[in-house]
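Heads up: the protein sequence lines correspond to chains A and B, in order.
Using UniProt numbering, the first residue of the first sequence is number 1, and each one after it goes up by one.
Using UniProt numbering, the first residue of the second sequence is number 1, and each one after it goes up by one.
Even for Gly, the Cβ is constructed at its ideal location relative to N, Cα and C.
Small disclaimer: the values here were computed from a predicted structure and weren't measured.
Note sheet for the following structure.
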Amino acid sequence: MLEGLKEFASEFFVTGDPLIYGAMVAIGITTIAIVAVLTYFKKWGWLWRNWLTTVDHKKIGIMYIIASIIMLFRGGVDALMMRLQLAMPNMDFLHPEHYNQVFTTHGTIMILFMAMPFMFGLFNVIVPLQIGARDVAFPFLNALSFWLFFLGAMLFNLSFVIGGSPDAGWLSYPPLSELSHSPGVGQNFYIWGIQISGIGSLATGINFMVTIIKMRAPGMRWMKLPMFTWSVFSTCIIILFAFPILTVTLALLFLDRFAGAHFFTLDLGGNPMMYINLIWMWGHPEVYIVVLPAFGVFSEIVSTFSRKKLFGYKSMVFAMLIISFLSFFTWAHHFFTMGSGADVNAFFAVTTMLIAIPTGVKIFNWLFTMYRGRIRMATPMMWTLAFIPCFIVGGMTGVLLSVAPADFQFHNSYFLIAHFHQVLIGGVVFGYFAGLYYWWPKMFGFQLEEKLGKWAFWTWNIGFYVCFMPQYAVGLMGMTRRLSTYGWDTGWWELNFVSTIGAFLMGVGFLFQVAQIADGIRKYKSLKASGDPWDARTLEWSIPSPAPEYNFAVTPRGDDIDEWWEEKERRAKGIYPPEQKLEPIHMPKNSGIPFVMSVFWFIAGFGFVFGWLWMAILGLAGVGICMIARSFSYDTDYYIPVDEIKRTEASLRGSV
Amino acid sequence: MAQAAAKHGENHAHGHDHGHHDPQEMKILGFWFFLISDVILFSVLFATFIVLRDNTAGGPILSELIKMPGVIAETFLLLTSSFTSGLAVLAMNQGKVKQLINWLIVTAVLGAGFLALEIYEFVEMVHEGFSYTTSAASGAFFTLVGTHGLHVSLGLIWMIGLMFQLKKRGITDVTRGKINVISLYWHFLDVVWIFLLSIVYLMGVM
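What follows is the structure, encoded as structure tokens:
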């Protein structure tokens, strides 16, 4: 009995690596601590009522961002482990197999479980406020999207201590990811973790498209829409067309592994190249999915902190829509070297270069917005300014890579690694940090102090260049990606060593940010923010910080691009809007179903990972019952009475 | 108070909501977007099927296994069910609950008949040595056609659930929205079947 249990445990848990034992202990202690604290302070009811069952888009947004920052930490630790392993030749810090797992989870987590939720967090917090809406179109679905993402991410992370991590690269190419080459459960964790959270992403895309189309404030015509909301809209178009491709691709890979199909196998007629085409048909648009909202953030910030209207509003909108269209015609540039032929390569080289044009238009628009503006150097603006040169260099190395013949030299080298980290960190991470700092007071009602933020900014930025500039060079010297070790004779070690120092500097930058937030929470009472702490321009700044649960006491109008700025100008001239009568506000009720349904998805996913069909069926049955329960529940909304609105407004505005 | 208000909201969904958005209309728009995503999903499966359909690895060839009479009967059942689901919506618009439920029952029975024939066809193919794991071509065929079959099955469960709601609540703004959505879904399955018929079956036997 005991022997059997022991054998099961050694199969089930990952054993034999001191790093992982350490992590297991840390996870165990953290879990016990969380449970103990919640029980001691009697916070379980609070957690359930205020967070787990909430359908309030602002709270959902905050949960997305918290989860994303935790994932940034995990992905970051993965990155530092890799950089340690590569710091010196012949290092013996990570075994090759472990190294494969670390780079696979680093990539997957950073794109799917860090960038995506951070972006959805900003969507959730800001879009309804910017367009003057009370909520998103489908609040229940919104909560479901979040919990699907969260439990999908947890399932993926579990692989690290239970069963073993995936190790076939972040896009899981066959035949490496097929049963013949990856017989363990790692790839199943990859498939189901992404599949479950991917359903949530698709639902979010649909939800925000309908929200933006149908719920804009009266007077807010399409060409009056704030630029961040425009960027969200173009992103959602890409999500709608790209994510179903991912769903099918992962499902087919799973059918190969689980049901013995032959879509991508090497035998019985399977075609691995089919997978690579499909995954990049999702994967390349995905890059634009994460970067477009960052462009939206920059547009808001540049205009606010230069105290000027955004230059070239219309060209900005068209540039975004053109990017979302072109993003679907560039996927083959990821495999120029696979023998598609000159015509195909030429087509995709040209479309890839074309995308640089609308992107360049945006850069000029931001620069012209700053020209003759009255610029203030607050942290959101600093991140925006740092983005511009970083993204220009990253974009230009991208154009170098898109020259198909030259790509035969760059392909899979560290030059490529440096390029995409430069656009993804310089574009996406800098953008989301800027957005987090910019909207922080709106989310939490207090302002972060800038001093530690500036320390964080400088260490991050210096660290970034120290880390990635050497990688361009070492790539041209012949170092390829996914290499777990190298010898003294290669001549790569000095550059790698410098690069590792840079990576740790970025880690220090992250610690400064954590310290800044912790410091802010400690002193939040003295840092209380007004409704409009940045003297900003769009509607979200016209209401108190943090926004009340119903957002707007009376429906605002959106007749101008910078409606709140115009309103302030009008008020300065003594023109006040007519007093509007308060009416009861229609709100959705909280629901436990999204959380419970996602837990069942998690159970189903876990069952499929280990091939325990009974558990998978149990989980899917639970999902079905939750759907039916939702369809049969009619008591899903309520009204906030006028008295309560008056009380809330008085207490929020009184303290401003 | 809140309950009374909720009931109020249910019966006049667009009465009290500051005039600018009707929840049922938003649901239908959202559902259209969902259908677009489903179109993409099927397109990928079609593409996979087209790429892999000749990769039979020496096993049986699909075109020799297709029996057109069965396929034509399936087509007839599904197309008729789409028509009767249209009649159900017509009955709903005239406010006739009983007729509405009856037409939904006819639709569901026709849909179930389609599924039964499809399953029979699959079983026959497996008997002739064309099973899921035989080759890339067989896997692509069963996945593509089977995904459509899965959609039909889920639609049936959904439709039965809605019949119970109609019985209990009659035709309200909310149930009207739900019936509109499922009829949209059912017509969509019909359109997908037309593509299956032409690309998988007709192009297969020709």
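Kindly indicate if chain B contains any beta-carbon less than 8 Å away from that of residue 224/A. No - not a single Cβ of chain B is within 8 Å of the one on residue 224/A.
CB contact check: residue 35/B to chain A, cutoff 8 Å: So no, residue 35/B is outside the interface.
Please report the Cβ distance between residue 41/B and residue 248/A, rounded to the nearest whole angstrom; I am assuming they are in contact, meaning their Cβ atoms lie under 8 Å. Sure, about 6 Å apart at Cβ, within 8 Å.
Note down, in chain order, each residue of its chain lying with its Cβ closer than 6 Å to the Cβ of residue 145/A, except the 5 sequence neighbours on either side. The residues are 200, 203 and 204.
Kindly indicate which three-state DSSP category residue 284/A falls into: helix, strand or coil? Helix, per DSSP.
With distances taken between CB atoms, is the gap from residue 220/A to residue 531/A smaller than 8 Å? Remark: C-beta atoms of residue 220/A and residue 531/A do not approach each other more closely than 8 Å.
Can at least three beta-carbon pairs, one atom from the segment 526–543 of chain A and one from the segment 465–476 of chain A, be found at a separation below 8 Å? Not touching, per the Cβ criterion.
When we look at the beta-carbon of residue 188/A and count the other beta-carbons within 10 Å, is it buried (16 or more) or exposed? Using a 10 angstroms sphere on the CB of residue 188/A, the tally of other CB atoms reaches 16 or more, which defines it as buried.
Taking the alpha helix (DSSP H) that residue 190/B falls in, what are its first and last residues? First-last of the alpha helix (DSSP H) with residue 190/B: 173–195.
What's the call for residue 646/A, buried or exposed, on a 16-neighbour Cβ count within 10 Å? By the neighbour-count rule (16 or more Cβ atoms within 10 Å), residue 646/A is not buried but exposed.
Measure the alpha-carbon distance for residue 477/A versus residue 90/A and round it to whole angstroms. Put simply, the backbone Cα of residue 477/A is about 18 Å away from that of residue 90/A.
Measuring CA to CA, which of 590/A, 536/A, 578/A and 579/A is closest to residue 568/A? It is 536/A.
Select from the segment 243–270 of chain A all residues with a C-beta closer than 9 Å to any C-beta belonging to chain B, and list them in chain order. Against chain B - using a Cβ distance shorter than 9 Å - the residues of the segment 243–270 of chain A are 243, 244, 245, 247, 248, 249, 251, 252, 255, 256, 259, 260, 261, 262, 263, 264, 265, 267, 268, 269 and 270.
What three-state label does DSSP hand residue 2/A in the structure shown? Three-state result, residue 2/A: helix.
Do the CB positions of residue 416/A and residue 408/A come within less than 8 Å of each other? Against a cut-off of 8 Å, the Cβ pair of residue 408/A and residue 416/A comes out as no contact.
How would you list, in chain order, the residues of chain A whose beta-carbon sits under 9 Å from the beta-carbon of residue 26/B? Ordered by position in chain A, the residues that pass the 9 Å Cβ test against residue 26/B are 137, 138, 210, 211, 213, 214 and 215.
Within this structure, are the beta carbons of residue 358/A and residue 322/A separated by less than 8 Å? A Cβ-Cβ contact shorter than 8 Å links residue 358/A with residue 322/A.
At a Cβ threshold of 8 Å, is residue 82/A touching chain B? With a threshold of 8 Å between beta carbons, residue 82/A makes no contact with chain B.
Give me the residue from 95/A, 266/A and 35/A with the minimum Cα distance to residue 18/A. Of the candidates 95/A, 266/A and 35/A, the one whose C-alpha sits nearest the C-alpha of residue 18/A is 95/A.
Could you give the C-beta distance for residue 133/A and residue 215/A, rounded to a whole number, given that I count them as a contact under 8 Å? Right, their Cβ atoms sit about 4 Å apart.
8 Å Cβ cutoff, residue 135/B in contact with chain A: It does: the Cβ of residue 135/B has a partner Cβ on chain A nearer than 8 Å.
By the 10 Å Cβ neighbour count, where 16 or more other Cβ atoms means buried, how is residue 332/A classified, buried or exposed? Per the 10 Å Cβ criterion, buried.
Identify each residue in the segment 43–77 of chain B for which the Cβ-Cβ distance to at least one residue of chain A is less than 7 Å, and report them in chain order. Against chain A - using a Cβ distance shorter than 7 Å - the residues of the segment 43–77 of chain B are 44, 45, 48, 51, 52, 55, 56 and 57.
Compare the beta carbon distance of residue 160/B and residue 89/B with 8 Å and say whether it is the shorter of the two. No. Outside cutoff.
If you drop the 5 nearest sequence neighbours on each side, which residues of the same chain put their C-beta closer than 6 Å to that of residue 435/A? For residue 435/A, where only same-chain residues beyond five positions count, the Cβ hits under 6 Å are 122 and 297.
Output yes or no for whether 8 Å exceeds the beta carbon distance between residue 13/A and residue 161/A. Annotated as proximal: residue 13/A and residue 161/A, with beta-carbon spacing under 8 Å.
Counting only Cβ pairs nearer than 8 Å, list the residues of chain B close to residue 206/A. Ordered by position in chain B, the residues that pass the 8 Å Cβ test against residue 206/A are 30, 33, 34 and 37.
Would you report the Cα separation of residue 200/B and residue 122/B, rounded to the nearest angstrom? Looking at the backbone, the Cα of residue 200/B and that of residue 122/B are separated by about 14 Å.
May I have the straight-line CA-CA distance separating residue 526/A from residue 381/A, to the nearest angstrom? One C-alpha to the other measures close to 24 Å.
Does the segment 287–305 of chain A touch the segment 231–241 of chain A, meaning 3 or more C-beta pairs lie closer than 8 Å? Yes: the two stretches touch, three or more of their Cβ pairs being nearer than 8 Å.
Start and end of the alpha helix (DSSP H) containing residue 114/A? Run containing residue 114/A: none; DSSP gives neither H nor E here.
Please identify, using Cβ separations under 9 Å, the residues of the segment 52–69 of chain A that lie next to chain B, in order along the chain. Those residues of the segment 52–69 of chain A that come within reach of chain B (Cβ to Cβ, closer than 9 Å) do not exist; the list is empty.
Beta-bridge pairing of residue 559/A - partner residues as DSSP gives them: In DSSP, residue 559/A forms no bridge with anything.
Quick check on residue 640/A: does DSSP put it in helix, strand or coil? The answer is strand: DSSP assigns residue 640/A an E or B state.
Top-ranked residue by Cα proximity to residue 335/A, from 130/A, 318/A, 480/A and 273/A: The shortest C-alpha separation from residue 335/A is found at 273/A.
Can you check whether the CB of residue 135/B is closer than 8 Å to the CB of residue 57/B? Taking the C-beta atoms as reference points, residue 135/B is found nearer than 8 Å to residue 57/B.
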